[in-house]
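> Pasting a structure below so you can have a look.
Structure representation (structure tokens):
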């Protein structure tokens, strides 16, 4: 009777070990698949990062060009605005003091 129990326990142990081995193999396969996916995502991120850097440099160049244009427009606007103000002041003084010559 003891032999039957030992044989049954040995069979059960062998079956458990085989099931554990199968589960271990499944987990290893899943882990390998996950590693491959993470590697591919890392490659994609690297490519996207490179593309973003090129887009950023292009936008920086365009921004600098627009900034220069705005500076020129501001200078022109200040000059024209100043000229208009001076002309209005001269017209006002001419209106208020018509007898004074400049």
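In the numbering used here, the protein residues as written are 198 to 299. Glycine included, C-beta positions come from ideal geometry on N, C-alpha and C.
#1: Straight-line CA distance for residue 228 to residue 235?
#2: Helix, strand or coil for residue 292, going by three-state DSSP, please let me know.
#3: Helix, strand or coil for residue 251 per DSSP?
#4: Just the Cα atoms here: how many angstroms apart are residue 231 and residue 225?
#5: Using the C-alpha atoms, what's the distance from residue 256 back to residue 264?
A quick look at the data gives this:
#1: Straight-line Cα distance between these residues: approximately 10 Å.
#2: Three-state DSSP puts residue 292 in a helix.
#3: Here residue 251 sits in helix by DSSP.
#4: Cα to Cα, the separation comes out at about 10 Å.
#5: Distance from the CA atom of residue 264 to the CA atom of residue 256, rounded to whole angstroms, is 12 Å.
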